[in-house]
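The structure appears right after this line, and notes come after that.
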Amino acid sequence: MRTTLRKIGVSETDFIRECDVSFKQGARFSKWVDGSDDDFYYHPLVLPVGFEEKNLAPYWLSSPNDLSFSNAVCFQEALCEGNLAPKRITDKEFDALANYAYHLNAGMFCEFLKKHCIDVLGVEYIVDNVVGVENDDKGDIAWLLGEKTGKIYADLFIDCTGFNSLLIGKHYEVPYIDRSDVLFVDQAIAAHVPYQSPDDEVIPYTVSTGQSAGWVWDIGLQSRRGVGYVYSSSHTNADQAEETLVNYISETVGRKTAESLDLRKIPIKSGHRSIFWKNNCVAVGLSAGFLEPLEASALVLVELSAQMISDQLPSCREVMPIVAKRFNETFLYRWDRIIDFLKLHYILTKRDSDSFWRDNKNPESIPDSLHELMDLWRYQPPWDHDFSSKVEVFPAASYQYVLYGMGYKTHLPVNNANESYEYFAKRKIEENKRMISAATSALPGNRELLNKIKKYGFQRV
Amino acid sequence: MVADPVLLEATSHGDLRVDDRAGSATLHNRNTAVIVDELQRLSAYYPTFFVKNPETGRFALVAIFGFSESENLFVESDMWRSNCYVPLNIRRAPFMLGNHSGDEGDESVVLIDLGDKKVQKDAGEALFNERGFPTPYLENKISVLKTLKDGMGKTQSFIEVLVDNDLLTPVSFKIEFENGSSQQIEGLYTIHEAGLQSLDDDKALEFYKNHYFEYAYMMISSIGQVQRLIDDKNKLLQTE
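In order, the protein sequences belong to chains A and B. With the working numbering, letter number 285 in the first sequence gets 289, and the count goes up by one each step, no holes. With the working numbering, letter number 167 in the second sequence gets 160, and the count goes up by one each step, no holes.
Here it is in structure tokens:
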């Protein structure tokens, strides 16, 4: 996200000020393992220390250790627990001391991007309803009929029509592949939760709390929190779900406020199109598919799609099928990997008293590709060879954080001793301890930094 | 000594004296804020750069005197070296300007830092005469404060123009001293010379009329004084 915004020439200061943005340094998964109060683990955005050179997981697994995996190999959990920002006001735009993403107000972000595209990038913006789509004799889309504009001709059409999926879905009738057999949640209810005081901490990570039939997201913006419950309607009903959400919100703002909030219902149909690029039409965003918001993969896919379309934009119609074929292969691979990774969060749980969690562990609901990885990881920790694409949405590090965060035990071979590896690993884990103390003393509070950005802004250099 | 600035008044401070020969805490910093009007005199002795204010991230124009936080290579036994230009922000001590909100809006008032070692009872210059009027010594200090205040405004405008035109660029130094020790210096910014040379005609005219080219090139040429700092530091390391 940082890379994309920088690339299109957006000012980070403007973006943070105009879209109610806060910093996100990862996710904290509470109550996903056994549901007890002290059950939590982190998936931070900073890679394990030394990850570019060697895999520290075997060392951590084989040495008696009172530190969690994420705390032993990464300094970011300490920043999150201290509600600290990932950078200082003296760090320039988009520079990070600790890798970060954003929490943002989607409506404001759309307006912000629209303005940037029109004013800075020279995009011609036509507001109209599409009332007709006409093919040419090859089956390509020749033009769209705008209600006010008339015919709109183009060589390539990018379908960003959201759930409506006007071109790829309705016009081309590309089948939708339902993945609810793997990912069970099919409903969300969401609320805007006010802060109790303007000085309340803005939590610098996504809190994701396991519930009886799904999980609650809790996202801190500058002006409010966004909280929602995603659940499986086969494992609970709408009333129970609403009660679960209100109970969760009550813990921080009291029952009276929690019960007064407007709840918005959002249906989720987990799945994606069987192909994303057909003829001269390519779907990006919700028109291509949607999964539950766990691990925030939707925006990454939009960025990766835009990147590939712009990198490989066909220079003439003859080569478009080749690019389309590549695009479809690449993105089917990515959707499959994301689905595997999301499913991984559910299958190591011990919350066996809830049918939702029990059903998630049913082997028939687990894709073969994930079964295969799990077989492998019984004896060797996740590493680069497990993921073949050049641009993986989630690197092996992410799988390590989830596996070992949830208490999974990989059985290493006994004759694994290797002096130079152990020396390397010990040194890196000491280095991580030093980074924890250096970073926690250098970095400001998240709210404090956001206030400074509003007042002074970041410098561009 | 803890800084203790209070409003300067003839009634309560009539018997105070200020001894500029006594050391002041302001001497022991590796840099100090300076104004564009001083650049010509400064650049004969010190490198000048921009640094970011750690609280706001905004740029400030500073002259550099040393390498570590409280090192000032131009101060010997609590006195600034006699043959060098002393920046106004050092000369003003122990006085400073503060804001006073009165009936007619904000006005500048003179404060005195009672925590400064220069403030004494017996030795030094008197501040007020018997009739309670400022002495020529105090008048001179007040004029330094006024020059600084006006100059800070001009300096801020200069910085804003540089920022708006993307003319600032970070510089870093890796310095190896003769005794084998080395130091990495980060957090300094200077003017992006190529950018300065490719300003369009309207901008160039604006820069010319506001003396921004003069300021910019004086800053760029002052970078050569880093070598002088290194030489001084090497001499100091030899005697240690």
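Every residue, glycine too, gets a C-beta built ideally from N, C-alpha and C.
(request) Name the two residues that bound the continuous alpha helix (DSSP H) containing T334 of chain A. (result) Residue 334 of chain A sits at position 330 when you count from the first residue of the first sequence. M324 to I351 is the extent of the alpha helix (DSSP H) around T334 of chain A.
(request) Evaluate the contact criterion for the segment 207 to 224 of chain A versus the segment 24 to 33 of chain A: three or more CB pairs, one atom per stretch, below 8 angstroms. (result) Between the segment 207 to 224 of chain A and the segment 24 to 33 of chain A there are three or more C-beta pairs closer than 8 angstroms, enough to call the two in contact.
(request) For W281 of chain A, collect the residues of the same chain with a Cβ closer than 6 angstroms to its Cβ; drop the 5 residues on either side in sequence, then sort them by chain order. (result) Within the first sequence, numbered from 1, the residue matching residue 281 of chain A stands at position 277. Result list for W281 of chain A: A328, F331 and N332, in chain order.
(message) Which residues in chain A have a C-beta closer than 8 angstroms to the C-beta of R23 of chain B? List them in chain order.
(response) Along the second sequence, one-based indexing puts residue 23 of chain B at 30. Contact note: R23 of chain B does not reach chain A at a C-beta cutoff of 8 angstroms; the least C-beta distance is about 17 angstroms.
(request) List the residues of chain B that T210 of chain A touches, going by C-beta distances under 9 angstroms, in chain order. (result) In the first sequence, residue 210 of chain A corresponds to position 206, counting from 1. Ordered by position in chain B, no residue passes the 9 angstroms Cβ test against T210 of chain A, which lies about 27 angstroms from the chain.
(request) Scan the segment 446 to 465 of chain A for residues whose Cβ lies nearer than 8 angstroms to a Cβ of chain B and list them as they occur along the chain. (result) Residues of the segment 446 to 465 of chain A with a C-beta less than 8 angstroms from any C-beta of chain B: K456, K459, Y460, G461, F462, Q463, R464 and V465, listed in chain order.
(request) Run down chain B in chain order and give the residues with a C-beta less than 7 angstroms from the C-beta of T94 of chain A. (result) As a position in the first sequence, residue 94 of chain A is number 90, starting the count at 1. Using a Cβ-Cβ cut-off of 7 angstroms, T94 of chain A is close to K45, P47 and G50 of chain B, given in chain order.
(request) Using a Cβ-Cβ cut-off of 9 angstroms, state whether G180 of chain B counts as contacting chain A. (result) Position 187 of the second sequence holds residue 180 of chain B. For G180 of chain B, the answer is yes, since a Cβ of chain A falls inside 9 angstroms of its Cβ.
(request) Report buried or exposed for Q191 of chain A, applying the criterion of at least 16 other Cβ atoms within 10 angstroms of its Cβ. (result) Taking the first sequence and counting its residues from 1, the one referred to as residue 191 of chain A is at position 187. Buried, since its Cβ has 16 or more Cβ neighbours within 10 Å.
(request) Anything in chain A within Cβ reach of L161 of chain B, meaning under 7 angstroms, just list it in chain order. (result) Counted from its first residue, the second sequence places residue 161 of chain B at position 168. Simply V465.
(request) Have a look at Y180 of chain A and G293 of chain A and give me their C-alpha separation to the nearest angstrom. (result) By one-based count along the first sequence, residue 180 of chain A stands at place 176. By one-based count along the first sequence, residue 293 of chain A stands at place 289. Y180 of chain A and G293 of chain A have their C-alpha atoms roughly 8 angstroms apart.
(message) Quick check: what's the CA-CA separation for L303 of chain A versus Q311 of chain A?
(response) Looking up residue 303 of chain A in the first sequence gives position 299. Looking up residue 311 of chain A in the first sequence gives position 307. Looking at the backbone, the Cα of L303 of chain A and that of Q311 of chain A are separated by about 12 angstroms.
(request) Determine, using beta carbons only, whether A158 of chain A and L148 of chain A come nearer to each other than 9 angstroms. (result) To locate residue 158 of chain A, count along the first sequence from 1; it is residue 154. To locate residue 148 of chain A, count along the first sequence from 1; it is residue 144. Yes.
(message) Can you look up L120 of chain B in the DSSP assignment and give me helix, strand or coil?
(response) The count along the second sequence starts at 1 and reaches residue 120 of chain B at position 127. Per DSSP, reduced to three states, the secondary structure at L120 of chain B is coil, with no helix or strand assignment.
(message) Rounded to the nearest angstrom, what separates E62 of chain B and L81 of chain B at their Cα positions?
(response) Within the second sequence, the letter at position 69 stands for residue 62 of chain B. Within the second sequence, the letter at position 88 stands for residue 81 of chain B. Going by the C-alpha atoms only, they are around 20 angstroms apart.
(message) For the structure I just gave you, are there three or more beta carbon pairs, one from the segment 35 to 47 of chain A and one from the segment 93 to 103 of chain A, closer than 8 angstroms?
(response) With fewer than three CB-CB distances shorter than 8 angstroms, the segment 35 to 47 of chain A does not count as touching the segment 93 to 103 of chain A.
(request) Taking only the alpha-carbon atoms, compute the straight-line gap between E118 of chain B and S17 of chain B and give it to the nearest angstrom. (result) As a first step, residue 118 of chain B must be located in the second sequence, where it is residue number 125. As a first step, residue 17 of chain B must be located in the second sequence, where it is residue number 24. Whole-angstrom Cα-Cα distance: 15 angstroms.
(message) Using 8 angstroms as the cut-off, can you tell me whether the segment 71 to 90 of chain A makes contact with the segment 437 to 456 of chain A, which would need three or more C-beta pairs spanning the two stretches below that distance?
(response) As far as the Cβ criterion goes, the segment 71 to 90 of chain A touches the segment 437 to 456 of chain A, which means the pair count is three or higher.
(request) Measure the alpha-carbon distance for Y38 of chain B versus S393 of chain A and round it to whole angstroms. (result) Position 45 of the second sequence, counted from the first residue, corresponds to residue 38 of chain B. Position 389 of the first sequence, counted from the first residue, corresponds to residue 393 of chain A. Computed Cα separation, rounded: 58 angstroms.
(message) Would the segment 15 to 30 of chain B count as touching the segment 49 to 60 of chain B if we require 3 or more Cβ pairs under 8 angstroms?
(response) Contact holds: three or more Cβ-Cβ distances are below 8 angstroms.
(message) With DSSP as the reference, identify every bridge partner of E69 of chain B, one or two as the case may be.
(response) Here residue 69 of chain B refers to the residue found at position 76 when the second sequence is read from its first residue. Answer by DSSP bridge pairing, in chain order: B:M72.
(message) Let's test the definition: count the other Cβ atoms within 10 Å of the Cβ of Y201 of chain B and tell me whether it reaches 16, buried, or not, exposed.
(response) Stepping through the second sequence from its first residue, residue 201 of chain B is reached at position 208. The residue is exposed, with fewer than 16 neighbouring Cβ atoms inside 10 Å.
(message) Would you call the segment 144 to 156 of chain B in contact with the segment 106 to 125 of chain B, where contact means no fewer than 3 C-beta pairs closer than 8 angstroms?
(response) Counting Cβ pairs under 8 angstroms, fewer than three are found: no touch.
(message) At the level of alpha carbons, what is the spacing between H276 of chain A and F161 of chain A?
(response) Numbered from its first residue, the first sequence carries residue 276 of chain A at position 272. Numbered from its first residue, the first sequence carries residue 161 of chain A at position 157. Near 19 angstroms, if we compare the C-alpha coordinates of F161 of chain A and H276 of chain A.
(request) Could you tell me whether the segment 414 to 430 of chain A touches the segment 62 to 77 of chain A, where touching means 3 or more Cβ pairs closer than 8 angstroms? (result) At 8 angstroms Cβ cutoff, the stretches touch.
(request) Could you tell me whether the segment 99 to 118 of chain A touches the segment 47 to 61 of chain A, where touching means 3 or more Cβ pairs closer than 8 angstroms? (result) Taking 8 angstroms as the limit for Cβ pairs, the verdict is that the segment 47 to 61 of chain A does touch the segment 99 to 118 of chain A.
(request) Return helix, strand or coil for N227 of chain B, following the three-state DSSP convention. (result) Counting from 1 along the second sequence, the entry for residue 227 of chain B is found at position 234. Three-state result, N227 of chain B: helix.
(message) For S94 of chain B, list the residues DSSP reports as bridge partners.
(response) Counting from one through the second sequence, the residue named residue 94 of chain B turns up at place 101. According to the DSSP secondary-structure assignment, S94 of chain B is paired through a beta bridge with B:D99.
(request) Report the rounded CA-to-CA distance for S402 of chain A versus P386 of chain A, giving the unit in angstroms. (result) On the first sequence, residue 402 of chain A is found 398 positions in, with the first residue counted as 1. On the first sequence, residue 386 of chain A is found 382 positions in, with the first residue counted as 1. Spanning the two alpha carbons is a distance of roughly 9 angstroms.
(message) Please tell me whether F98 of chain A and R10 of chain A are closer than 9 angstroms, where the distance is taken between their beta carbons.
(response) Within the first sequence, the letter at position 94 stands for residue 98 of chain A. Within the first sequence, the letter at position 6 stands for residue 10 of chain A. In this structure, F98 of chain A lies near R10 of chain A, with their beta-carbon atoms less than 9 angstroms apart.
(request) Would you tell me roughly how many angstroms separate the C-alpha atoms of L198 of chain B and R51 of chain B, rounded to the nearest one? (result) Taking the first residue of the second sequence as 1, we reach residue 198 of chain B at position 205. Taking the first residue of the second sequence as 1, we reach residue 51 of chain B at position 58. Straight through space, the alpha carbons of R51 of chain B and L198 of chain B are spaced by roughly 26 angstroms.
(message) Counting beta carbon pairs with one atom in the segment 166 to 185 of chain A and one in the segment 239 to 251 of chain A, are three or more of them shorter than 8 angstroms?
(response) Contact between the segment 239 to 251 of chain A and the segment 166 to 185 of chain A is absent, because fewer than three Cβ pairs lie under 8 angstroms.
(request) Have a look at L35 of chain B and T41 of chain B and give me their C-alpha separation to the nearest angstrom. (result) Here residue 35 of chain B refers to the residue found at position 42 of the second sequence. Here residue 41 of chain B refers to the residue found at position 48 of the second sequence. About 8 angstroms.
(request) With a threshold of 16 other CB atoms inside 10 Å of the CB of G218 of chain A, please say whether the residue is buried or exposed. (result) For the purposes of this step, residue 218 of chain A is taken as the residue at position 214 of the first sequence. Burial of G218 of chain A is indicated by the presence of at least 16 other C-beta atoms within 10 angstroms of its C-beta.
(request) Thinking P371 of chain A and D344 of chain A are a contact (beta carbons under 8 angstroms), I'd like their distance in whole angstroms, please. (result) Taking the first sequence and counting its residues from 1, one reaches residue 371 of chain A at position 367. Taking the first sequence and counting its residues from 1, one reaches residue 344 of chain A at position 340. Between P371 of chain A and D344 of chain A, the beta carbon gap of about 6 angstroms places them in contact (Cβ cut-off 8 angstroms).
(request) On a CA-only basis, which of A:N241, A:V37, A:D340 and A:A194 is nearest V186 of chain A? Give me that one, please. (result) Against the first sequence, residue 186 of chain A aligns to sequence position 182. Checked all of A:N241, A:V37, A:D340 and A:A194; the closest Cα to V186 of chain A is A:D340.
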